[in-house]
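Numbering (my numbering), first residue to last: 1305 to 1554. All residues carry an ideal CB built from backbone N, CA and C; glycine is no exception. First the structure, in the form of structure tokens, and then the observations on it.
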Amino acid sequence: MGLEDKVVITAALTGVAANRDQCKWIPYTPKEIAEDALACYNAGASVVHIHARENDGSPSWRVEVFREIMMEVRKRCPIIINYSTGAVLTERDARIAHIRDLKPEIAALNMGTMNYAKYSPKRKNFVFSVVFHNPFEDIMFFLDIMNKTGVKPECECFDLGHLESIFPLMDMGLLKNFQISLIMGVVGGMAATARNLAHVASLVPPKIAWEVIGIGQEQWLLVATALALGGNIRVGLEDNFYLSPGAMAQ
């Protein structure tokens, strides 16, 4: 990517963990998600990244829920749909079934196992801490289905080792038409700093599009850095509730 290329904005609408006790604007139902997708499209976003929810806000992996979301979004606008495959304590078949059956344009592909946590300096303790399992066996299983169904993988890299994991898959011929997300700000992954982003972005394979995903309050610093480096950006309530300190997004 170069500085002369147009910027692709992805809107991450829902996430899997955040809830309305934290931010009342998080959409739950397919129609709510679709209305937010339309608003983002009208504001300039080209892609929506979606985790499905049940109507009570709990995470859903039911194909029929993803199908209804897709149908409602398609009624409203031609925005590109990116469905998540990321989950903890969910069988891999369930994580990929909606991709196999519905064939969205893009699907997230997490590139490595990691500790995934949120830490509270005030409490001196972890708010939550889980192991996010993504062994090569599962990555290749997901990738095989994406290749067979014509779905573009979005390789999500939370650490430098995740980015390095892309290269053997390219050498095997499994990764061809793909894009990369550099995710920063999750405890257990890369710290959200401009220096880290500049370094990791320099290691992205030539001619491969990449975006930054900044989790938490450093999101806007990373957005500005990515734009200066010629990258794409992701924003949305999945990643950050605030436009500025104390000013919650809607």
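C-beta atoms of residue i and residue j nearer than 8 Å
i: residue 1552; j: residue 1327; result: yes
i: residue 1411; j: residue 1439; result: no
i: residue 1338; j: residue 1368; result: no
i: residue 1341; j: residue 1380; result: yes
i: residue 1464; j: residue 1504; result: yes
i: residue 1383; j: residue 1354; result: no
i: residue 1555; j: residue 1311; result: Only positions 1305 to 1554 of the chain appear in this structure, which leaves residue 1555 out of reach.
i: residue 1415; j: residue 1449; result: no
i: residue 1593; j: residue 1387; result: Outside the shown range of the chain, which is 1305 to 1554, sits residue 1593, and nothing can be said about it.
i: residue 1443; j: residue 1461; result: no
Integer Cβ distance of residue i from residue j, believed to fall under 8 Å
i: residue 1318; j: residue 1331; result: 6 Å
i: residue 1523; j: residue 1536; result: No, residue 1523 and residue 1536 are not in contact; Cβ-Cβ is about 14 Å, not under 8 Å.
i: residue 1422; j: residue 1432; result: 6 Å
i: residue 1507; j: residue 1467; result: 6 Å
i: residue 1540; j: residue 1418; result: Not confirmed; about 22 Å, so no contact.
i: residue 1400; j: residue 1389; result: 6 Å
Close Cβ partners of residue i (< 7 Å) along its chain, the five nearest in sequence each way excluded
i: residue 1357; result: 1318, 1332, 1363 and 1364
i: residue 1445; result: 1396
i: residue 1336; result: none
i: residue 1424; result: 1431
Spatial neighbours of residue i in its chain, beta-carbon cut-off 8 Å, leaving aside the 5 residues before and after
i: residue 1520; result: 1489, 1496, 1543 and 1544
i: residue 1453; result: 1403, 1404 and 1407
i: residue 1447; result: 1413, 1457, 1473, 1478 and 1479
i: residue 1394; result: 1365
i: residue 1546; result: 1521, 1552 and 1553
i: residue 1391; result: 1320, 1363, 1365, 1398 and 1399
i: residue 1359; result: 1332 and 1333
Contacts around residue i, its chain only, beta-carbon distance under 6 Å, and the 5 residues preceding and following it disregarded
i: residue 1323; result: 1361
i: residue 1538; result: 1314, 1316, 1515 and 1517
i: residue 1398; result: 1365
i: residue 1527; result: 1537
i: residue 1434; result: 1392 and 1420
i: residue 1494; result: 1463, 1488 and 1500
i: residue 1329; result: 1554
i: residue 1529; result: 1498 and 1501
Heavy atom of the ligand COA within 7 Å of residue i beta-carbon
i: residue 1401; result: Ligands in the displayed structure: none, and consequently the ligand COA is not present.
Sequence ranges, beta strand (DSSP E) only - wholly within the segment 1478 to 1535, length at least 3
1483 to 1488 and 1514 to 1518
Just checking, does the segment 1467 to 1487 make contact with the segment 1504 to 1522 on the three C-beta pairs under 8 Å criterion?
yes
If we require 3 or more residues per run, which beta strand (DSSP E) segments fall completely within the segment 1316 to 1403?
1351 to 1354 and 1384 to 1387
Whole beta strand (DSSP E) elements within the segment 1428 to 1472, 3-residue minimum:
1429 to 1436 and 1456 to 1461, all fully within the segment 1428 to 1472.
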